[in-house]
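According to the numbering used here, the stretch in the sequence shown is residues 78 to 426, in order.
The beta carbon of each residue, even a glycine, is placed where N, CA and C say it ideally should be.
So the structure is just underneath, and the comments pick up after that.
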Amino acid sequence: MHLADDARHDRLPLRRAGRTGLDLPVVTLGLWQNFGDATPYADQRALVLAAVDAGVLHLDLANNYGPPPGAAEESVGRLLATDLRPYRDELLIATKAGYRQWPGPYGEFGSRKYLLASLDQSLRRLGTDHVDVFYSHRFEPSTPLEETIGALRTAVESGRARYAGISSYSARRTREALAVAEGMGLPLALHQPSYSMLNRWVEEPDADAGGSSLLDVAGDAGLGVVAFSPLAQGMLTRKYLGGVPADSRAARGGPLRAEYLSEENLDRIRALDAVASGRGQTLAQLAIAWVLRDPRVTSVALGARTPEQLAENLAAVHGPALTDAELAAIDAHAGDAGINLWASRSSDL
């Protein structure tokens, strides 16, 4: 049985999630990658326990994380039944539903049947009677928002979730979801969008939202923001500057597509790496610090393969603040690199 570090609650700064009562550590452990059956459970256990000891008390899951779908939740459930059992109420456990989890017409999207059935399955895998946050993982235009948001309300009112959130909704769709939720008496707590120096869509004015960006809408509404993929699926590291390593995500044929590593994008990454080096940081540390520069961002969701990699990235939190000159240098190279996997399936709809 693991004995958690006594200083875990002093390791990371906290930020208030919008107008909720939640204080989140500025780093969240994302379990999208490295928590499938191909990764030994001992390695998964070591990473999660190292994260908790470091103050990363927010574990971010989804029903389809694995592979196979559900595998990540099963691993966390195993930990909650053993090493993490004494600490359950110190942790913030989040899960989502929206993408495909099982075959047939009720295994994805935004229907009440799917969302609540998926939540019940997640709770069984996690071995707990509630999650702390339940998200609609994607905007889905063929289902009325009243039904999708109504399912989130049921999840909260039934005690199966403490808070409700949405993920990858555009500024316009976020406003619509907030209006529906308010009409139902459901306070939405969190929004989870992708955001990085190579994927800045959350900053862009949305004409359908009166010219406001998603960050503007979230800030005005009091939504906490948990930014995922701040390292652009590993592109904002030094891993790919000398080619594609055989054991990398790009080589394995996963969501990081080889075409994303174009010479144009690699030139951007090299220039950003130079900024990081000038600050005495790794490129990954710079990428994390940059996303956290905006006070509307509550936390960044980081994946990692090893405790050592996680510790290196967590050092970004304690680095020097970005100067105006550094921000200008970053702006000269950071921009849309065409890597937003979630645009056509949610945020552009």
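Cβ-based burial, residue i [other Cβ within 10 Å; buried from 16]
| i | result |
| --- | --- |
| histidine 395 | exposed |
| arginine 202 | buried |
| threonine 225 | buried |
| serine 213 | buried |
| arginine 250 | buried |
| arginine 252 | buried |
| threonine 428 | No answer is possible for residue 428: it lies beyond the span of the chain, which begins at 78 and ends at 426. |
| threonine 359 | buried |
Length of the line joining the Cα atoms of residue i and residue j
| i | j | result |
| --- | --- | --- |
| alanine 392 | glutamine 362 | 7 Å |
| glutamine 178 | glutamine 198 | 10 Å |
| alanine 115 | alanine 81 | 27 Å |
| alanine 335 | valine 368 | 24 Å |
| alanine 414 | tyrosine 337 | 8 Å |
| valine 352 | tyrosine 272 | 19 Å |
| arginine 36 | tyrosine 142 | An answer regarding residue 36 cannot be provided, because it is not within the stretch 78 to 426 covered by the chain. |
| leucine 399 | arginine 370 | 8 Å |
| methionine 78 | proline 270 | 35 Å |
| leucine 136 | tyrosine 191 | 23 Å |
| leucine 108 | asparagine 390 | 16 Å |
| asparagine 342 | alanine 304 | 21 Å |
| leucine 138 | glycine 287 | 33 Å |
| alanine 158 | glycine 204 | 7 Å |
Among the options, nearest to residue i - alpha-carbon criterion
| i | options | result |
| --- | --- | --- |
| arginine 93 | Arg85, Ala84 and Val103 | Val103 |
| alanine 420 | Trp278, Leu369, Gly319 and Ala406 | Trp278 |
| aspartate 83 | Asp293, Glu281 and Ala127 | Ala127 |
| isoleucine 416 | Val377, Leu313 and Asn390 | Leu313 |
| leucine 101 | Arg373, Ala406 and Gly262 | Arg373 |
| arginine 237 | Gly260, Val210, Ser289 and Pro218 | Val210 |
| glycine 262 | Phe305, Glu223, Gly311 and Val352 | Glu223 |
| proline 145 | Asn111, Ser289 and Leu156 | Asn111 |
| leucine 193 | Arg165, Asn140 and Leu168 | Asn140 |
| histidine 410 | Asp401, Leu349, Gly357 and Val377 | Leu349 |
| alanine 381 | Glu340, Pro163, Gln310 and Gly412 | Gln310 |
Assumed close pair residue i, residue j - CB separation to whole angstroms, cut-off 8 Å
| i | j | result |
| --- | --- | --- |
| histidine 268 | valine 302 | 5 Å |
| arginine 189 | leucine 275 | The Cβ separation is near 36 Å, so there is no contact. |
| glycine 175 | glycine 299 | Actually they are not in contact, since the Cβ atoms of glycine 175 and glycine 299 sit about 23 Å apart, beyond 8 Å. |
| valine 133 | leucine 89 | 7 Å |
| threonine 97 | tyrosine 240 | 7 Å |
| serine 245 | serine 354 | No, serine 245 and serine 354 are not in contact; Cβ-Cβ is about 33 Å, not under 8 Å. |
| serine 247 | leucine 291 | 7 Å |
| leucine 318 | arginine 347 | 6 Å |
| alanine 123 | proline 384 | 6 Å |
| leucine 426 | proline 218 | 5 Å |
Three-state secondary structure assigned by DSSP to residue i
| i | result |
| --- | --- |
| arginine 176 | The displayed chain sequence assigns tyrosine, not arginine, to residue 176. Here tyrosine 176 sits in coil by DSSP. |
| proline 102 | strand |
| aspartate 209 | strand |
| alanine 149 | helix |
| alanine 295 | helix |
| arginine 239 | strand |
| isoleucine 170 | strand |
| aspartate 137 | strand |
| serine 271 | strand |
| glycine 412 | coil |
| asparagine 276 | strand |
| leucine 200 | helix |
| leucine 108 | coil |
| alanine 81 | coil |
| arginine 334 | coil |
| leucine 308 | coil |
| leucine 318 | coil |
| serine 376 | strand |
| leucine 91 | strand |
| serine 424 | helix |
The ligand MN heavy atom lying under 7 Å from the CB of residue i
| i | result |
| --- | --- |
| glutamate 280 | Questions concerning the ligand MN fall outside what the structure shown contains, since it holds no ligand whatsoever. |
Residue i at chain B interface by Cβ criterion, 8 Å
| i | result |
| --- | --- |
| arginine 373 | Annotation note: the requested chain B is absent from the structure, which comprises a single protein chain. |
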